[in-house]
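>
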Amino acid sequence: MSQGDASKLHVVTNTSKFEKEHGGYPHSVLFFWTSWHTPCKQLEPVLVELSNEHKHLTFYSIDAEENSDLASTYQIEAVPTILFCEGGVEKQRFEAITAPILVNHLTKFSMQALHAQKLHSAVTKPPTMQGTKAEKESKVPENSVPVKEETIEELNERIKKLIHSNVMMIFIKGSPDKPKCKFTRAILELLKNQGVVSFGYFDILQDSKVREQIKVYSDWATFPQLYINGKLIGGVDVVKDMIEEGEFEALIPPQCKKQEEETLNDRLKKLITTKPAMLFMKGSPSNPQCGFSEQIVALLNEQGLEFGHFDILTDKTVREGLKKYSDWQTYPQLYVKGKLIGGLDVVRELIEEGEFEKTVLDPLRTDNTQPDNKKKKIVSMSFFTLFVFRLCFFFLKKREFQFKSRFISFLLYLHMNLYFIVKAYVLLLAMECCLVWTFIPKVVIIVNFLKLAD
Numbered sequence: 001m002s003q004g005d006a007s008k009l010h011v012v013t014n015t016s017k018f019e020k021e022h023g024g025y026p027h028s029v030l031f032f033w034t035s036w037h038t039p040c041k042q043l044e045p046v047l048v049e050l051s052n053e054h055k056h057l058t059f060y061s062i063d064a065e066e067n068s069d070l071a072s073t074y075q076i077e078a079v080p081t082i083l084f085c086e087g088g089v090e091k092q093r094f095e096a097i098t099a100p101i102l103v104n105h106l107t108k109f110s111m112q113a114l115h116a117q118k119l120h121s122a123v124t125k126p127p128t129m130q131g132t133k134a135e136k137e138s139k140v141p142e143n144s145v146p147v148k149e150e151t152i153e154e155l156n157e158r159i160k161k162l163i164h165s166n167v168m169m170i171f172i173k174g175s176p177d178k179p180k181c182k183f184t185r186a187i188l189e190l191l192k193n194q195g196v197v198s199f200g201y202f203d204i205l206q207d208s209k210v211r212e213q214i215k216v217y218s219d220w221a222t223f224p225q226l227y228i229n230g231k232l233i234g235g236v237d238v239v240k241d242m243i244e245e246g247e248f249e250a251l252i253p254p255q256c257k258k259q260e261e262e263t264l265n266d267r268l269k270k271l272i273t274t275k276p277a278m279l280f281m282k283g284s285p286s287n288p289q290c291g292f293s294e295q296i297v298a299l300l301n302e303q304g305l306e307f308g309h310f311d312i313l314t315d316k317t318v319r320e321g322l323k324k325y326s327d328w329q330t331y332p333q334l335y336v337k338g339k340l341i342g343g344l345d346v347v348r349e350l351i352e353e354g355e356f357e358k359t360v361l362d363p364l365r366t367d368n369t370q371p372d373n374k375k376k377k378i379v380s381m382s383f384f385t386l387f388v389f390r391l392c393f394f395f396l397k398k399r400e401f402q403f404k405s406r407f408i409s410f411l412l413y414l415h416m417n418l419y420f421i422v423k424a425y426v427l428l429l430a431m432e433c434c435l436v437w438t439f440i441p442k443v444v445i446i447v448n449f450l451k452l453a454d
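In full-length UniProt numbering, the protein residues as written are 1 to 454.
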């Protein structure tokens with residue numbers, strides 16, 4: 001992609017240079033794209049215009065294929081993807097976003113950034129003073145707002161609160177989703193293997209004061225550091241040794257163990273079966289918050305599918321848990337009768353190949369339009385009962401039995417149950433056989449007919 005000379009949309013060609021610069025900007029916007037993707041090309045002029053309009057923000061244009069290391073670092077799963085960052089740290093993410101939605105969200109982000117920058121300038125910028133050089137050096141302005149440095153005692157108190165903020169707390173480089181070192185990755189894997197599904201964490205790379213002081217506070221010079229109930233357990237080597245000795249499992253708080261995930265799975269199971277067809281998306285059908293969600297809603301409406309929906313942006317637990325539950329890492333996700341169909345690409349492919357009706361619509365019609373097993377049984381029995389009734393009437397009329405009318409009434413009473421009809425009729429035939437030997441051929445005919453009917 002190319003930008004005009006007046007554009008403030010910086011094209012990233014050097015990863016190392018970008019990483020050094022990015023953290024120095026208070027507020028930035030990252031635009032991940034690929035050259036072959038049409039929506040990316042359509043979004044480029046919008047970003048160029050926005051970069052010229054919001055000059056207090058720093059805009060970066062990043063080719064996800066040419067900068068695969070950055071795409072991996074920021075876990076880019078789809079393009080176009082827009083990231084809003086503060087101090088180099090991701091704050092908001094938008095995947096496959098459309099231009100109107102982007103403009104709306106970026107305007108809000110821009111206003112917040114402008115307010116924060118003005119506030120920062122008001123606090124840190126010294127006021128202009130008049131007088132001699134000596135007076136300027138010695139005079140303390142009355143209206144100045146001194147920036148208060150955090151004392152060691154205050155920092156220790158903050159560290160203490162962090163440690164006790166969760167029954168299981170871990171200080172790591174990065175996050176559980178984006179570990180920034182092999183030791184962090186190793187201890188997270190150990191906890192996962194022990195069935196730990198819930199814990200708090202603090203990214204030490206985001207606060208140098210905490211990173212340095214916690215070494216002194218706990219007398220432990222390396223990271224990661226694991227705390228349980230406010231007590232330091234140790235780093236990755238200590239945790240590994242305790243697991244091998246069989247001592248670690250007893251330390252895991254009950255609320256952090258696997259049963260919480262099982263409770264979440266029960267909730268997810270109820271959610272995906274709330275309606276016969278359920279769509280898990282970003283936003284709602286009337287107000288989708290990403291391009292993929294907007295496209296799949298349009299496709300489903302075109303196919304005449306009635307579906308319920310759940311906005312994954314309103315519940316992070318559901319958003320992350322559903323990825324594991326269904327082993328499907330992206331959104332939107334379409335479910336029919338509790339079974340995962342897939343995302344936008346799968347739905348589009350089913351429609352193009354003419355399989356959508358068979359895969360999605362037919363299972364739903366089965367419940368709504370076809371009679372259930374009991375009704376089908378009654379219908380099929382009714383036709384057979386009428387045939388048997390007429391056959392019985394023929395023989396009864398022929399024989400002129402005294403209890404003809406009673407038998408007909410009895411047959412009508414039992415017409416809903418084929419088993420009793422057949423049993424009663426065979427019994428009647430057996431009685432006739434005892435009286436009239438010539439009736440045997442008729443019995444054979446009826447028995448053969450019943451076999452064929454079965």
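All residues carry an ideal CB built from backbone N, CA and C; glycine is no exception.
Which runs of the alpha helix (DSSP H) fall wholly inside the region 324-375 and span at least 4 residues, in chain order?
Complete alpha helix (DSSP H) runs here, min 4: 344-352 and 362-369.
> By how many angstroms is the C-alpha of Lys17 removed from the C-alpha of Lys8?
Computed Cα separation, rounded: 17 angstroms.
> Taking the beta carbon of Cys181 as the centre, do at least 16 other beta carbons fall within 10 Å, making it buried, or is it exposed?
Cys181 should be labelled exposed.
> Please go through the region 257-282 and give each complete alpha helix (DSSP H) segment of 4 or more residues, from N-terminal end onward.
Correct list: 259-272.
> Answer yes if the region 38-47 comes into contact with the region 77-96, meaning at least three C-beta pairs across the two stretches below 8 angstroms, and no otherwise.
The region 77-96 vs the region 38-47: in contact.
> So which of Gly308, Glu294, Ser326 and Val216 has the shortest CA-CA distance to Lys269?
When each option's Cα is compared against that of Lys269, the closest is Ser326.
> Starting from Ser208, trace the alpha helix (DSSP H) both ways and give me its first and last residue.
Ser208 to Ser218 is the extent of the alpha helix (DSSP H) around Ser208.
> Taking the C-alpha atoms as reference points, what is the distance between Thr359 and Asp345?
Cα to Cα, Thr359 sits roughly 15 angstroms from Asp345.
> May I ask which residues mark the beginning and end of the alpha helix (DSSP H) holding His22?
That run of the alpha helix (DSSP H) goes Thr15 to His22.
> For a test of the three-state rule: what should DSSP assign to Ile172, helix, strand or coil?
Three-state DSSP puts Ile172 in a strand.
> To the nearest angstrom, report how far apart Val239 and Ile163 are at their CA atoms.
Their Cα atoms are separated by approximately 17 angstroms.
> Give the range of the alpha helix (DSSP H) segment to which Lys182 is assigned.
Looking at the DSSP string, the run of the alpha helix (DSSP H) that includes Lys182 is Lys182 to Asn193.
> Taking the DSSP output, what are the residues bridged to Phe31?
For Phe31, which the question treats as bridged, DSSP gives the partners Ser61 and Ile82.
> What separation, rounded to the nearest whole angstrom, lies between the Cα atoms of Pro45 and Asn52?
So the alpha carbons of these two residues sit roughly 11 angstroms apart.
> Can you find the residues in the same chain that come closer than 7 angstroms, C-beta to C-beta, to Val140, ignoring five residues on each side of it along the sequence?
Interpretation of Val140 is limited by its pLDDT of 45, a score under 50 that renders its predicted location unreliable; the figure taken from the coordinates is listed afterwards. Around Val140: no qualifying Cβ.
> For Val297, does the count of other Cβ atoms within 10 angstroms reach 16, so buried, or fall short, so exposed?
Flag for Val297 reads buried.
> Could you please give me the residues that DSSP links to Ile228 through a beta bridge?
Looking at the DSSP assignment, Ile228 forms a beta bridge with Met168 and Lys231.
> What's the gap between the Cα of Asn14 and the Cα of Gln92?
Their backbone Cα atoms lie some 24 angstroms apart in a straight line.
> Nearest to Asn193 by CA position, among Ile243, Ile172 and Pro179, is which residue?
Selected option, being the one with the closest Cα: Ile243.
> Are the CB atoms of Ser28 and Leu57 nearer to each other than 8 angstroms?
Contact: yes.
> Using CA atoms only, rank isn't needed, just tell me which of Leu70, Glu249, Lys173 and Glu49 is closest to Leu102.
The shortest Cα separation from Leu102 among Leu70, Glu249, Lys173 and Glu49 belongs to Glu49.
> Could you please give the first and the last residue of the uninterrupted alpha helix (DSSP H) stretch that includes Gln42?
Note, Gln42: alpha helix (DSSP H), Thr38 to Glu53.
> Compute the Euclidean distance between the alpha carbons of Phe109 and Thr263, then round it to the nearest angstrom.
One C-alpha to the other measures close to 36 angstroms.
> Val239 lies in the alpha helix (DSSP H); which residues open and close that run?
Taken as a continuous stretch (DSSP letters only), the alpha helix (DSSP H) holding Val239 covers Val236 to Glu244.
> Could you check which residue in Val89, Glu189, Val11 and Glu353 has the C-alpha nearest to that of Ile62?
When only C-alpha atoms are compared, the closest one is Val11.
> Which of the three DSSP states, helix, strand or coil, is assigned to Gly200?
Looking at Gly200 - three-state DSSP - the assignment turns out to be strand.
> By a C-beta neighbour count over all protein chains shown, 10 Å radius and 16 as the cutoff for buried, is Gln289 buried or exposed?
Looking at its Cβ environment, which holds 16 or more other Cβ atoms inside 10 Å, Gln289 is buried.
> State the Cα-Cα distance for the pair Gly338 and Pro276, rounded to the nearest angstrom.
Straight-line Cα distance between these residues: approximately 7 angstroms.
> Excluding the 5 residues flanking Val236 on each side, which residues of the same chain have their C-beta closer than 6 angstroms to its C-beta?
Excluding sequence neighbours, Val236 sits near Phe183, Ala186 and Ile187.
> Assign Thr369 to one of two classes, buried (16 or more other C-beta atoms within 10 Å of its C-beta) or exposed (fewer than that).
Because the pLDDT of Thr369 is 45, which lies under 50, any placement of that residue in the model is unreliable, and the number read from its coordinates should be weighed accordingly. Exposed, because fewer than 16 other Cβ atoms sit within 10 Å of the Cβ of Thr369.
> Considering only residues of the same chain and omitting the five flanking positions on each side of Asn67, which have a CB-CB separation below 7 angstroms?
Once the five neighbours on either side are set aside, the close Cβ partners of Asn67 are Val12 and Thr15.
> What does DSSP give as the partner residue(s) for residue 458 in the beta ladder?
Within the shown structure, residues of the chain are numbered from 1 to 454, placing residue 458 beyond reach of any answer.
> Is it right to say Phe94 is buried, meaning 16 or more other beta carbons lie within 10 angstroms of its own, or is it exposed?
With 16 or more other Cβ atoms within 10 Å, it is buried.
> Once DSSP output is grouped into helix, strand and coil, what is the label at Gln303?
In this structure, Gln303 counts as coil in the three-state DSSP scheme.
> With a threshold of 7 angstroms on Cβ separation, who are the neighbours of Glu261 within its own chain once the five nearest residues in sequence on each side are excluded?
Summary for Glu261: the model assigns pLDDT 48, below 50, so the residue's position carries little reliability; its value from the coordinates is reported in the next sentence. Correct list, in chain order: Val197.
> DSSP three-state call for Asp69: helix, strand or coil?
Here Asp69 sits in helix by DSSP.
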